[in-house]
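Per my numbering, the very first residue in the sequence shown carries number 1; after that it's consecutive. All C-beta atoms, glycine included, are put in the ideal place defined by N, C-alpha and C. Read the structure below first, then the notes.
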Amino acid sequence: MTPAEFEAAVLRAEGPVVVDFWAPWCTPCDAVHPILDALPLPVVRVDVDESPDVAGRYGVLSLPTVILFEGGAPRAEVLGAQPRSRFERAFSDWL
1 MTPAEFEAAV LRAEGPVVVD FWAPWCTPCD AVHPILDALP LPVVRVDVDE SPDVAGRYGV
61 LSLPTVILFE GGAPRAEVLG AQPRSRFERA FSDWL
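Here you go:
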């Protein structure tokens, strides 16, 4: 995902967007994907290997890192593979 694609899909989105920073080699990332897909929010996945500029802009240092954006800014963050309840608590204001 290019910075321009990220801007269009996330920063200019009309409502909240969950951004999943992941990598193909990250096994915990695979565990988080179905949890995020079950949330009633749009999910954008950013492969950090293909988009290091986007990941670096938001200080992503570990995977998975999941950030909820609204109004073009990060509003909530969950680090690591967590149970669904953790994501629901972190994003409760938007669910």
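Residue i - DSSP class collapsed to helix/strand/coil
i: W94; result: helix
i: A76; result: strand
i: T27; result: helix
i: L36; result: helix
i: R60; result: The amino acid at residue 60 is misidentified as Arg; the sequence shows Val. Residue state, collapsed to three classes: coil.
Proximity to residue i [Cα-Cα], best of the options
i: G15; options: A4, V44 and V32; result: V44
i: V18; options: Q82, V78 and S85; result: V78
i: E88; options: D53, L36 and T27; result: L36
i: L68; options: A31, C26 and A13; result: A13
i: A8; options: P64, D93, A76 and G72; result: G72
i: P74; options: R86, R84 and V60; result: V60
i: M1; options: A81, C29 and V54; result: V54
i: G80; options: P24, P28 and V10; result: P28
Identified DSSP bridge partners for residue i
i: V43; result: V18
i: V54; result: Answer by DSSP bridge pairing: none, since V54 is not bridged.
i: T65; result: F21 and L79
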